[in-house]
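What follows is a short report on a single structure.
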Amino acid sequence: MRHREVGELMTRDVVTVPGHATFKDIIRTLDEHKVSAVAVTDAGGRPLGVISEGDLLPKPADQGDWFRSLPRPESWESEKAAGTKAEELMSAPAVCARPDWTVAEAARLMESQRVKRLLVVDDADVLVGIVTRGDLLRIFLRDDDAIRHEITGDVLDRTLHLDPAAVSVDVVDGKVTLHGRVHFRSLVPAVERLCRTVDGVVGVTERLAWETDDTGARH
């Protein structure tokens, strides 16, 4: 089975600023390009960090009086509020992915690092793109027929060597339903598990019977 890779989904034209960019330079860049974050890069195009609108908010929040009902800022917020250059305002180090990573690999890194975007770098660690949560979710826009074709051809036939005629595959809005019969009971969870790994699948319902119970499970 072929999984969609980060390189197919990422935006290649990444908006960047140098580490010495000023606060106002960054704001102008965000406004000019209509983006919510920029990458901070060194002279060689290698990413140093990311500046999002959230990284910049401590600056206006620090202006004016603090009312007793409002909590005092954390130390890191105070540091961000005092920062005037990109290298002082950015979230670092940059969380990066490779173009050949699968969507699942990128999503796991986003979740573990609690970030909304990943900078994509090549083998020399030079910035080549950026991928967001929205980009990764685009795989769920896959056509139902494409999903059904991949399950029938790649999963059932070429991977599990099952007779595609023995198992029918229905796909509606990414939800897969399997009907039919397989030779061994142990194949049922394998079929379901592999179907779930197909890009664009939202869920799998299996209604499969089997000819031989090779699991030793009691009825």
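Reminder that position 85 of the sequence shown reads as 84 in numbering that gives the first Met the number 0, one-by-one numbering, no gaps.
For every residue, glycine included, the Cβ atom is placed at its ideal position computed from N, Cα and C.
This one's a predicted model, so the numbers in the text were calculated from it and none came from an experiment.
Check whether the Cβ atoms of residue i and residue j sit closer than 8 Å, and answer yes or no.
i           : j           : result
residue 7   : residue 100 : no
residue 40  : residue 83  : no
residue 120 : residue 130 : no
residue 37  : residue 29  : yes
residue 194 : residue 175 : yes
residue 202 : residue 126 : no
residue 150 : residue 102 : no
residue 184 : residue 211 : yes
residue 85  : residue 26  : no
residue 200 : residue 173 : yes
residue 156 : residue 9   : no
residue 106 : residue 49  : no
residue 16  : residue 32  : no
Hey, could you find the ends of the beta strand (DSSP E) residue i is sitting in?
i           : result
residue 174 : 174-183
residue 16  : 15-17
Quick one: Cα of residue i to Cα of residue j, how far?
i           : j           : result
residue 169 : residue 177 : 7 Å
residue 163 : residue 196 : 18 Å
residue 189 : residue 158 : 11 Å
residue 65  : residue 90  : In this predicted model, residue 65 has a pLDDT of only 47, less than 50, meaning its place in the structure is not dependable; the value taken from the coordinates is given anyway. Roughly 25 Å between the two C-alpha positions.
residue 69  : residue 87  : For residue 69, the predicted structure reports a pLDDT of 49, less than 50, and the residue's modelled location is therefore unreliable. A value from the coordinates is still provided. Answer to the nearest angstrom: the Cα atoms are 25 Å apart.
residue 12  : residue 128 : 7 Å
residue 152 : residue 206 : 19 Å
residue 179 : residue 141 : 25 Å
residue 98  : residue 34  : 22 Å
residue 219 : residue 56  : This structure gives no information on residue 219, because the portion of the chain shown stretches from 0 to 218.
residue 214 : residue 166 : 20 Å
residue 181 : residue 147 : 18 Å
residue 226 : residue 145 : Examination of residue 226 is not possible in this model, given that the chain is present from 0 through 218 alone.
Tell me where the alpha helix (DSSP H) around residue i begins and ends.
i           : result
residue 111 : 102-112
residue 146 : 143-149
residue 188 : 186-195
residue 134 : 132-136
Look up residue i in the DSSP assignment and say whether it is helix, strand or coil.
i           : result
residue 115 : coil
residue 221 : The question about residue 221 has no answer here: the residues shown for the chain are numbered 0 through 218.
residue 45  : coil
residue 94  : coil
residue 40  : strand
residue 202 : strand
residue 28  : helix
residue 21  : strand
residue 161 : coil
residue 213 : coil
residue 56  : coil
Per DSSP, which one or two residues make a beta bridge with residue i?
i           : result
residue 237 : Look at the range of the chain in this structure, 0 to 218, and you will see that residue 237 is not part of it.
residue 169 : 176
residue 120 : 126
residue 50  : 37
residue 4   : 101
residue 10  : 129
At a cut-off of 7 Å, would you count residue i as near the ligand ADP, judging by its Cβ distance to the nearest heavy atom?
i           : result
residue 121 : Among the ligands in the structure shown, none appear at all, so the ligand ADP cannot be discussed.
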